[in-house]
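The sequence shown begins at 799 in the numbering used here and counts up by one.
By construction, the Cβ of each residue, glycine as well, lies at the ideal position given by its N, Cα and C atoms.
Predicted, not measured: the structure shown is a model, and the values here were computed from it.
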Amino acid sequence: MTASTDLDTLTDFFDRYGVALTTADVPAIAGCYALPGLVVADTYSFSFTSPAAVALSFVGAAPDYQERELVAANAQIEDVQQVSALLTEVAVRWEFLDSQGGAVPGERYRYVLRTTDEGPVICTVIRTA
């Protein structure tokens, strides 16, 4: 097994993750993460060591998606780098679609993914400019 740099595999993964985010499917979101996991931004960092902790970290995001009426998320993969035998760093720019069919610009993130027998999982999320 080696780190996945295959765009089809990565696109499928981020498609599933985007659906989970916009449908508030917290168990599916949690299933996309390796444990322990880490989220890093300019003003905060936090880690989680259980699926329940992942779920709690996303419970607050669901109302934001609903308030903004976001119904779909599309990950634009901008860069893929193999970091090690099983780790891949992926730069993603998220775009969203609202309930009126309008495009809503999202944010950029770098994800460190680990390749497992079941496919990629997120180890670290870094919010970028």
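Work out the CA separation of residue j and residue i for me, nearest whole Å.
i: Val910; j: Tyr831; result: 10 Å
i: Arg908; j: Phe844; result: 16 Å
i: Val838; j: Gly899; result: 31 Å
i: Thr847; j: Arg814; result: 22 Å
i: Gly829; j: Asp840; result: 25 Å
Short of 8 Å in beta carbon distance, which residues of its chain neighbour residue i, apart from the five on each side in sequence? Order them along the chain.
i: Ser882; result: Ala801
i: Leu805; result: Ile875, Val878
i: Pro825; result: Pro849, Ala853
i: Gly904; result: Ala871, Arg891, Trp892, Glu893, Phe894
i: Val857; result: Val824
Just reading off the beta strand (DSSP E) that residue i is part of, what are its end residues?
i: Arg866; result: Note, Arg866: premise wrong, no beta strand (DSSP E); not H, not E.
i: Thr886; result: 885 to 896
i: Thr913; result: 901 to 914
i: Val837; result: 831 to 838
i: Val919; result: 917 to 926
i: Ser802; result: No beta strand (DSSP E) holds Ser802; DSSP gives it neither H nor E.
i: Ser843; result: 843 to 846
Are the beta-carbon atoms belonging to residue i and residue j less than 9 Å from one another?
i: Val890; j: Phe812; result: yes
i: Leu833; j: Thr922; result: no
i: Thr820; j: Tyr863; result: yes
With a threshold of 7 Å on Cβ separation, who are the neighbours of residue i within its own chain once the five nearest residues in sequence on each side are excluded?
i: Thr926; result: Arg906, Tyr907, Arg908
The alpha helix (DSSP H) spanning residue i covers which residue range?
i: Ala853; result: 849 to 857
i: Tyr815; result: 805 to 820
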